[in-house]
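Numbering (the working numbering), first residue to last: 345 to 419.
Glycine included, C-beta positions come from ideal geometry on N, C-alpha and C.
Please read these numbers as outputs of a predicted model, since none were measured by experiment.
Below you'll find the structure, written out as structure tokens, and then a few comments.
And the structure:
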């Protein structure tokens, strides 16, 4: 499975309904399946990753995509 990341404004400009898509915390970027995106998008506008690509996993699990919380001390 492959995913792509691109500016949310780009996906919206193509007419995609991004209401329920995963977005970066600041909502500047969005992610979706690349095959779906390519129905309307230009591949050169997308950052494309395999689902198990370490770079992709670092991005979507990073501070720009996941709200950071302080870990509670467990005693």
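Measuring CB to CB, does residue 385 end up less than 7 Å from residue 352? For residue 385 and residue 352, no; Cβs fall outside 7 Å.
Can you confirm whether the stretch 408 to 415 touches the stretch 377 to 397 when touching is taken to mean that 3 or more C-beta pairs between the two stretches lie within less than 8 Å? In this structure the stretch 377 to 397 does not lie against the stretch 408 to 415, because fewer than three pairs of beta carbons, one per stretch, are closer than 8 Å.
Cβ distance (whole Å) where residue 391 is taken to contact residue 348 below 8 Å: Confirmed, about 6 Å.
Exercise. Can you pull the DSSP bridge partners for residue 361?
Worked result: BP columns for residue 361 are empty, so no partner.
Exposed or buried, residue 381, counting other C-beta atoms within 10 Å across all chains shown (16 or more means buried)? Around the beta carbon of residue 381, a 10 Å sphere encloses 16 or more other beta carbons of the protein chains shown; the residue is thus reported as buried.
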